[in-house]
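Presented below is the structure to which this report refers.
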Amino acid sequence: MSSIFTSKHILLGITGSIAAYKAAELASRLTQEGAQVDVILTPAAERFVAPLTFQSVTGRKAFTEAELWGGEAHVLHVGLGHSADLLVIAPCTANTIARLAHGIADDLLTITALAARCPIIIAPAMDVGMYTHPATQENIRLLNERGLHFAGPGEGRMASGLTGKGRMLEPAELLGHMRLILGKNGKLAGRKVVVTAGGTQEPIDPVRVITNRSSGKQGYALAQAALDAGAQVTLITAPTALSAPVGARLIEVRTAAEMLEAVLAESAGVDALLMAAAVADFRPKKAAENKLKKQDGILQIELEAAPDILETVAGQKSRKNRPCLVVGFAAESRDLVKNASAKLSSKKLDMIVANDITAPDSGFAVNTNRVTLLFKDAKVESLPLMSKAEVAEVILERVAGMLPKA
79 MSSIFTSKHI LLGITGSIAA YKAAELASRL TQEGAQVDVI LTPAAERFVA PLTFQSVTGR
139 KAFTEAELWG GEAHVLHVGL GHSADLLVIA PCTANTIARL AHGIADDLLT ITALAARCPI
199 IIAPAMDVGM YTHPATQENI RLLNERGLHF AGPGEGRMAS GLTGKGRMLE PAELLGHMRL
259 ILGKNGKLAG RKVVVTAGGT QEPIDPVRVI TNRSSGKQGY ALAQAALDAG AQVTLITAPT
319 ALSAPVGARL IEVRTAAEML EAVLAESAGV DALLMAAAVA DFRPKKAAEN KLKKQDGILQ
379 IELEAAPDIL ETVAGQKSRK NRPCLVVGFA AESRDLVKNA SAKLSSKKLD MIVANDITAP
439 DSGFAVNTNR VTLLFKDAKV ESLPLMSKAE VAEVILERVA GMLPKA
């Protein structure tokens, strides 16, 4: 669970599209994240999904056109629009986009949108011809000019059988767009943060590599936490099975040498570099050009030291070539604090995050972590078992506190 949604009042507007079924998952996930979710369905939306569906997943009343003419009608839309932290219309049809663009307020959702004093996100959902039509594109341009935010649409197969741009984004991606809006004025607003993640891969031959067990989960959680705090984030990642957080600038690498090149290029002068990647200490001295065959006998692989990224960053002579803060990570199997402290000193770090990889509930692959934070002023802070998202939030909280005033 991320704290960015906790106690936030989210209005979820649903219009008449077959993609309305996705909105039920979105409402459910927002509620699980701690948000207070109020749903408004248009009459057309009720033909696809029932209000009871949303009442069941949010635990709150789902508002329909019937409420527009009820006893609260003259204040309901104002109360909803003024109390919300965010209004999301997902799915949003071409018809609703047109009405919003021209100020037509003839149902509870469009009246509430006009009354709203919060940011508005629109997730379009329509057939490709409708989306690309000049009228729809002009309406989107008008709404963009007025400061409304568009999330999508995505590309894929439509209900009509056609393929193209017009699909509503999946709930997980929409959550990312919502986080960007909610976090834009956070503690790291205006700051630039570079995060590395994943385990590098050093080639033995065109098929095989030397790598490690890093899943990249902690690094990706750090990138998301930095975005939640309002930072501009560059994520330099070795191969993982994860989806990059919405809003992060993604740079994909494989080897330690490629990661070094990317880090030096991207971290110069930034506010913070968080080196969460598990970078290889060793690599084959020479990679074979062709796949090695077992009938050729047992291999003897000569290794050499891989580039030390933190050491190289620390050795940058010009301050403009160094990040303001550098945070390292130490995955240890013994002498946790001793080894992490030595790395903190030798790499000239501002902070190091150490975790014991022998513990079954922390470290590689799992969704939880138990870490110890060591600071250059000799302060040591041990955190209890937490989700990796929660660990990331604590780390970014400490980073924000150490940065000089902007």
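Numbering-wise (the numbering used here), the sequence shown opens with residue 79 and increments by one. All residues carry an ideal CB built from backbone N, CA and C; glycine is no exception. Quantities reported herein were computed from a predicted structural model and do not represent experimental measurements.
Query raised in the report: Looking at the structure shown, is G254 part of a helix, part of a strand, or coil, going by DSSP?
Result: helix
Query raised in the report: What residues in its chain sit with their C-beta under 8 Å from that of M204, if we drop five residues either side in the sequence?
Result: S95, T171, A172, T214, P231 and G244
Requested in this report: Would you mind giving the Cβ-Cβ distance between T131 and A102, rounded to the nearest angstrom? I have them listed as a contact below 8 Å.
Outcome: 5 Å
Query raised in the report: Between the segment 458-477 and the segment 297-315, do at least 3 Cβ pairs fall closer than 8 Å?
Result: yes
Report task. Please report how far the alpha carbon of L305 lies from the alpha carbon of E251, in whole angstroms. Result -> 14 Å
Requested in this report: Mark Q302 as exposed unless 16 or more other C-beta atoms lie within 10 angstroms of its C-beta, in which case mark it buried.
Outcome: buried
Query raised in the report: How about the segment 327-340 and the segment 309-319: do they share at least three Cβ pairs that are nearer than 8 Å?
Result: yes
Requested in this report: Over the uninterrupted alpha helix (DSSP H) stretch that includes M337, give me the two end residues.
Outcome: A334 to S345
**Report entry** Residue of A356, T333 and R286 minimising C-alpha distance to G294
**Finding:** A356
Query - Terminal residues of the beta strand (DSSP E) in which K243 lies - result: T241 to R245
Query raised in the report: Do K265 and A322 come within 7 Å of each other at the CB atom, strictly closer than that value?
Result: no
Query - Inter-residue Cα distance where the pair is E145 and F453 - result: 56 Å
**Report entry** Beta-carbon proximity check, A201 vs L164, cutoff 7 Å
**Finding:** no
Query raised in the report: Going by DSSP, what residues sit across from K270 in a beta bridge?
Result: Q310
Report task. Identify whether R361 lies in helix, strand or coil by the three-state DSSP scheme. Result -> strand
Query raised in the report: Anyone know if the C-beta pair for A105 and V135 falls short of 7 Å?
Result: yes
Report task. Check whether the Cβ of V472 lies closer than 6 Å to any heavy atom of the ligand ZN, and answer yes or no. Result -> This structure lacks the ligand ZN; in fact it carries no ligand of any kind.
Query raised in the report: If you draw a straight line from the alpha carbon of V341 to that of H211, how long is it in whole angstroms?
Result: 43 Å
Query - Whole-angstrom C-beta distance between A275 and T318, which should lie under 8 Å - result: 7 Å
Query raised in the report: Is it buried or exposed for Q378, if we count other Cβ within 10 angstroms and need 16 for buried?
Result: exposed
Requested in this report: Classify L146 as helix, strand or coil using the three-state DSSP reduction.
Outcome: helix
Query raised in the report: Does DSSP classify M464 as helix, strand or coil?
Result: strand
**Report entry** DSSP-derived helix/strand/coil call for N433
**Finding:** strand
Query raised in the report: What residues are listed by DSSP as bridge partners for C170?
Result: P202
Report task. Pull up the DSSP beta-bridge partners for M480, would you. Result -> In the DSSP output, where bridge partners are listed per residue, M480 has none listed.
Requested in this report: Leaving out five residues on either side along the sequence, give the residues of the same chain with a beta carbon under 8 Å from the beta carbon of S238.
Outcome: D205
Query raised in the report: Measuring CA to CA, which of A392, C196, A350 and L220 is closest to P482?
Result: A350
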